[in-house]
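These protein sequence lines map, in sequence, to chains A and B.
Residue numbers for the first sequence follow the numbering used here, beginning at 51 and rising by one.
Residue numbers for the second sequence follow the numbering used here, beginning at 11 and rising by one.
Just so you know, even glycine gets a beta-carbon here, dropped at the ideal spot from N, CA and C.
On a predicted model such as this, the values are computed, not experimentally measured, just so you know.
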Amino acid sequence: MKWQQWAIPVSGVPVLALLAWGLTRDARIVPSPLPGKPAPDFALATISGDSLHLASLQGQVVLVNFWASWCLACRAEHQVLVDAAKRYRDRGLRVVGVVYEDSRDNALAWIKERGGDWPNVLDVGSRTAIQYGLFGVPETFFVGRDGRIIYKQIGPLDTGVIDQWVPRLLGTDGPTAPADTFAEGRSAGHVRLSPDFPTAGGTVRRP
Amino acid sequence: MNGVIGHAATLLALLIAGCGAAAAFAGGWSGNERYVAWARRAGFAVCALVALAFLTMEHALVTHDFSVSYVAQVGSRATPVFYTVISLWSALEGSILLWALVLSVYTAVLVRWSKRHAEPGGDPQLAYALGTLLCVNVFFLLLISWPANPFRALSPVPPDGPGPNALLQNSPFMGVHPPLLYTGYVGMSVPFALAVGALLAGRLSPDWTRVIRRWTMVPWTFLSLGIVAGAWWSYEVLGWGGYWAWDPVENASFMPWLTATAFLHSVMVQERRGMLKTWTITLIVSTFLLTVLGTFLTRSGVLASVHAFTQSPIGPFFLTFLALVLLGSLTLLAWRSDVLRSEGRFDAALSRETAFMVNNLLFAAFAFVVLLGTMFPLIAEATRGVKVSVGGPYFSQMTVPIALLLVFLAGVGPALPWRKGSLELLRGKFRWPTVGALVAGAVLAVAGVRAPLAWLTFVLAVFSAGLLVVEFVAPTVARRASTQESWGSALWRVCASNRRRFGGYVVHAGILVIAVGVAGSATFRREQEWYMVRGAVEPFGRYQVGFDSVWAAHESNRDGVIAATTIYVGGSVLTRLNPRLNYYKSAIEPIGTPAVRENLGEDLYLVLMAYTADGSHAMIKAIASPLVGWIWLGGGIVGLGALFALWPGAGKATPRRDAVAGPVRARARPAREARV
Numbered sequence: 051m052k053w054q055q056w057a058i059p060v061s062g063v064p065v066l067a068l069l070a071w072g073l074t075r076d077a078r079i080v081p082s083p084l085p086g087k088p089a090p091d092f093a094l095a096t097i098s099g100d101s102l103h104l105a106s107l108q109g110q111v112v113l114v115n116f117w118a119s120w121c122l123a124c125r126a127e128h129q130v131l132v133d134a135a136k137r138y139r140d141r142g143l144r145v146v147g148v149v150y151e152d153s154r155d156n157a158l159a160w161i162k163e164r165g166g167d168w169p170n171v172l173d174v175g176s177r178t179a180i181q182y183g184l185f186g187v188p189e190t191f192f193v194g195r196d197g198r199i200i201y202k203q204i205g206p207l208d209t210g211v212i213d214q215w216v217p218r219l220l221g222t223d224g225p226t227a228p229a230d231t232f233a234e235g236r237s238a239g240h241v242r243l244s245p246d247f248p249t250a251g252g253t254v255r256r257p
Numbered sequence: 011m012n013g014v015i016g017h018a019a020t021l022l023a024l025l026i027a028g029c030g031a032a033a034a035f036a037g038g039w040s041g042n043e044r045y046v047a048w049a050r051r052a053g054f055a056v057c058a059l060v061a062l063a064f065l066t067m068e069h070a071l072v073t074h075d076f077s078v079s080y081v082a083q084v085g086s087r088a089t090p091v092f093y094t095v096i097s098l099w100s101a102l103e104g105s106i107l108l109w110a111l112v113l114s115v116y117t118a119v120l121v122r123w124s125k126r127h128a129e130p131g132g133d134p135q136l137a138y139a140l141g142t143l144l145c146v147n148v149f150f151l152l153l154i155s156w157p158a159n160p161f162r163a164l165s166p167v168p169p170d171g172p173g174p175n176a177l178l179q180n181s182p183f184m185g186v187h188p189p190l191l192y193t194g195y196v197g198m199s200v201p202f203a204l205a206v207g208a209l210l211a212g213r214l215s216p217d218w219t220r221v222i223r224r225w226t227m228v229p230w231t232f233l234s235l236g237i238v239a240g241a242w243w244s245y246e247v248l249g250w251g252g253y254w255a256w257d258p259v260e261n262a263s264f265m266p267w268l269t270a271t272a273f274l275h276s277v278m279v280q281e282r283r284g285m286l287k288t289w290t291i292t293l294i295v296s297t298f299l300l301t302v303l304g305t306f307l308t309r310s311g312v313l314a315s316v317h318a319f320t321q322s323p324i325g326p327f328f329l330t331f332l333a334l335v336l337l338g339s340l341t342l343l344a345w346r347s348d349v350l351r352s353e354g355r356f357d358a359a360l361s362r363e364t365a366f367m368v369n370n371l372l373f374a375a376f377a378f379v380v381l382l383g384t385m386f387p388l389i390a391e392a393t394r395g396v397k398v399s400v401g402g403p404y405f406s407q408m409t410v411p412i413a414l415l416l417v418f419l420a421g422v423g424p425a426l427p428w429r430k431g432s433l434e435l436l437r438g439k440f441r442w443p444t445v446g447a448l449v450a451g452a453v454l455a456v457a458g459v460r461a462p463l464a465w466l467t468f469v470l471a472v473f474s475a476g477l478l479v480v481e482f483v484a485p486t487v488a489r490r491a492s493t494q495e496s497w498g499s500a501l502w503r504v505c506a507s508n509r510r511r512f513g514g515y516v517v518h519a520g521i522l523v524i525a526v527g528v529a530g531s532a533t534f535r536r537e538q539e540w541y542m543v544r545g546a547v548e549p550f551g552r553y554q555v556g557f558d559s560v561w562a563a564h565e566s567n568r569d570g571v572i573a574a575t576t577i578y579v580g581g582s583v584l585t586r587l588n589p590r591l592n593y594y595k596s597a598i599e600p601i602g603t604p605a606v607r608e609n610l611g612e613d614l615y616l617v618l619m620a621y622t623a624d625g626s627h628a629m630i631k632a633i634a635s636p637l638v639g640w641i642w643l644g645g646g647i648v649g650l651g652a653l654f655a656l657w658p659g660a661g662k663a664t665p666r667r668d669a670v671a672g673p674v675r676a677r678a679r680p681a682r683e684a685r686v
């Protein structure tokens, strides 16, 4: 075999190297530069006809929850939010819903049916969703008192996630958490992204 | 007990496959027939043992033996028997067991065939091919013996399991699509093994090429049907009204199909003219490599995909196997490039060889575009550190022009003669198809088809279909003139005289039908959704969609909420559709089952999106998909054409009028090859 001929098999090596490197990555984790950064501000009309400026809530702990009436996972999540809003209201938790790719009528019917007394804004043109780098609905951003995003939940919230983060955010006034705890999480609702096959031991991974 | 039997069977099969592979290579190397005979016995034994393991797993599933890890993972007492049986391939370990079964059956069939085919005095390429195939068996048996062992014993034994993934027990297509696809996908190992056998033995005879071609046709047919069945499943189950999303797993099944299709065309040039040998062998090796690469990409968690299995430890194993196969076969190709030297050369630009060349370039470009799009997220992350996803727009922009050219060639290629075509001949053949295409174009334009790509697809499809009709009609007319037979019997005799050729043309016709279906459904789809009160009727194009009621139904493995709707056209009832939402215990979100009124002209597709607790309101989405049924119809035509071409006896082709005695034709063909 002449040396030139060796070029053919050698050409396969970079491909294999790339794949080997790929094995060390997890394609399902979608990184976001947002945790640790100030939450993008917005001033939008609510579905009940008022308007809401996110900056006006500075100093309070806010859950910015993106949802839509056509989103099936949001249905399961809504009750969790209603409970959380009730349980933490006295301690100052605020919830802001952002209606994503949906109509005002649909959103009103949803709230009327399922409850929830927090403001919901209409994100016409999805500009706010783009600013937040929204991957899909539901998605929730936990904003601390200093206006910074501390945690981002991809997929529906559950009570565990709420109870893990909200008391920490409510408990302090200054910077709410050291930088290394800035994180993003995902729940079983990331089925939208890749349906993990359920196993007896459970496959829901938490970073 | 099931776990012990199953695991023992796979371990024994692994051992025997390893010994068999060694015996086969020793037999090929030394020319000792006794070694090869042992390798053959090993092939049968592996098949029997894997079948035993497979049946043991089925038995464990059906009898709810939750001491077996895989049963505890996908089984459930509440799941109906049918879904319990097919849940064997609903998760990673079981799907590899199915893979191993299909592979071992192919191995046994190759062994049986090779017994009749073997030349006295040894046949090194056959022995090497058998050895290679047994090596592939070794790899998959290694997977199910160790990192993806489905027979692990669980203690304590759980009383019940979660049942298979909810999406996978929501439609009977789960029983059809994976076995078809695997039979195609896994079957590509056989032509690969045959090609490696030829390269190792250092001889690639025209006979052997024909053998590889026939062994490719079988998995190709299954792969085609599997892909169409998968698209149909996606359409019928997922509730988005589409059938193809350029998901990595879909691409993984499509790329080998593209290269295998290219191979089936280039191999004809090789048979006829002794040209393109290196290219042809490269294509068949690439096809196998792409099946391994596709499986690696989707089973290792390297790419995000809607089909991706749970992160599993098999990634490094697959990568090692891929590395061995890739480097090994490339080295082999480079080493043996002298054996693959071309014998013939191109005579004229206007010839079938040229059409095949262009066709091959297009298929290769198509496969490359899909591969690049699939791998790009990985490349981008490695080079620029950014996460990107490649979506439909990239694939549409890149592949539609290629697909349109292929639609054009599907008719033009068969119309061109070998070696050198004359303009006169072409004028005669092209006249009526051109007229037909022009008329069709004008009619479509008048009828209001304004989308240029769809219009072009329809016109090209009519043109190519016309050329194919000429290919059928001209010899039939000639035969009738000489034999006075009836039209039907003359057509049948003509087709039966060269099954491979006319079967191929039927396949082309099927592809044209699919192209029309894809263009129509992608371009003219309409959708709308309403929040409706019971008794409301909403207009939707020419239909009126009436929402009558919703009710709940309890089934053993799921609860369903079903909407009753009535579809009216012009005031009279067209049909009643019942889209539903299903609640499985293993799924957080409900899984919808759309209701579809299938019609070749236009499908009406209803999805129940949501409903109120008192059943007074429902959110219903309607999708109208014109011509989508043509895709499934075209898939059926492709299958029939391939079956016709493959039917035993197809080798007894009578010499064709335009046949030229090239180097391949000049060789006497042994009679036994007629039944490869």
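Can you confirm whether residue i, when its beta carbon is compared against all beta carbons of chain A, has any partner nearer than 8 Å?
| i | result |
| --- | --- |
| residue 248(B) | no |
| residue 43(B) | no |
| residue 340(B) | yes |
| residue 289(B) | no |
| residue 622(B) | yes |
| residue 310(B) | yes |
| residue 345(B) | yes |
| residue 183(B) | no |
| residue 525(B) | no |
| residue 392(B) | yes |
| residue 116(B) | no |
Could you tell me how far apart the beta carbons of residue i and residue j are, in whole angstroms, since I believe they sit closer than 8 Å?
| i | j | result |
| --- | --- | --- |
| residue 480(B) | residue 442(B) | 7 Å |
| residue 634(B) | residue 612(B) | 6 Å |
| residue 143(A) | residue 220(A) | 7 Å |
| residue 223(B) | residue 277(B) | 5 Å |
| residue 431(B) | residue 360(B) | 4 Å |
Apart from the five residues just before and just after residue i, which ones in its own chain have a Cβ nearer than 6 Å to its Cβ?
| i | result |
| --- | --- |
| residue 245(B) | 253 |
| residue 229(B) | 194, 197, 198 |
| residue 226(A) | A caution first: residue 226(A) carries a pLDDT of 39, below 50, which makes its placement in the model unreliable, though a value can still be read off. The answer, listed in chain order, is 194, 200, 219. |
| residue 190(A) | 113, 115, 203, 207 |
Go through its chain and collect everything with a Cβ distance to residue i's Cβ below 8 Å, but skip five positions before and after it.
| i | result |
| --- | --- |
| residue 501(B) | 482, 486 |
| residue 191(B) | 232, 233, 236, 237, 239, 240, 263 |
| residue 146(A) | 102, 104, 107, 112, 113, 114, 115, 168, 169, 170, 171 |
| residue 335(B) | 298, 299, 302 |
| residue 251(B) | 245, 535, 537, 604, 615, 617, 633, 635 |
| residue 181(B) | 243, 246, 247, 603 |
Which residues in the same chain have their Cβ closer than 7 Å to the Cβ of residue i, if we skip the five residues on either side of it in sequence?
| i | result |
| --- | --- |
| residue 61(A) | none |
| residue 273(B) | 226, 290, 293, 294, 297 |
| residue 517(B) | 648, 651, 652 |
| residue 478(B) | 421, 424, 515, 518, 519 |
| residue 231(A) | Note on residue 231(A): pLDDT 37, under 50, position unreliable in the model; the coordinate value appears next. Cβ within range, chain order: n/a, list empty. |
Does chain B have any CB closer than 8 Å to the CB of residue i?
| i | result |
| --- | --- |
| residue 189(A) | no |
| residue 154(A) | no |
| residue 129(A) | no |
| residue 55(A) | yes |
Count the C-beta pairs between the segment 457-475 of chain B and the segment 527-546 of chain B that are closer than 8 Å, then say yes if the count reaches three, no if not.
yes
Is it a yes or a no for the segment 110-130 of chain B touching the segment 49-56 of chain B, going by three-plus beta-carbon pairs under 8 Å?
yes
Runs of beta strand (DSSP E) lying entirely within the segment 242-328 of chain B, each at least 3 residues, in chain order:
none
If we require 3 or more residues per run, which beta strand (DSSP E) segments fall completely within the segment 572-636 of chain B?
582-587, 590-594, 601-603, 605-607, 612-621, 627-636
Quick check: the segment 616-633 of chain B against the segment 534-551 of chain B, are there 3 or more CB pairs under 8 Å?
yes
At what residue ranges does the segment 102-183 of chain A contain a whole run of the alpha helix (DSSP H), taking only runs of 4 or more?
The qualifying runs are 122-138, 154-164, 177-181.
Determine, using beta-carbon pairs with one atom in the segment 334-354 of chain B and one in the segment 413-424 of chain B, whether at least three such pairs fall under 8 Å.
no
Segment contact, 8 Å Cβ cut-off, at least three pairs: the segment 169-189 of chain B with the segment 82-100 of chain B
yes
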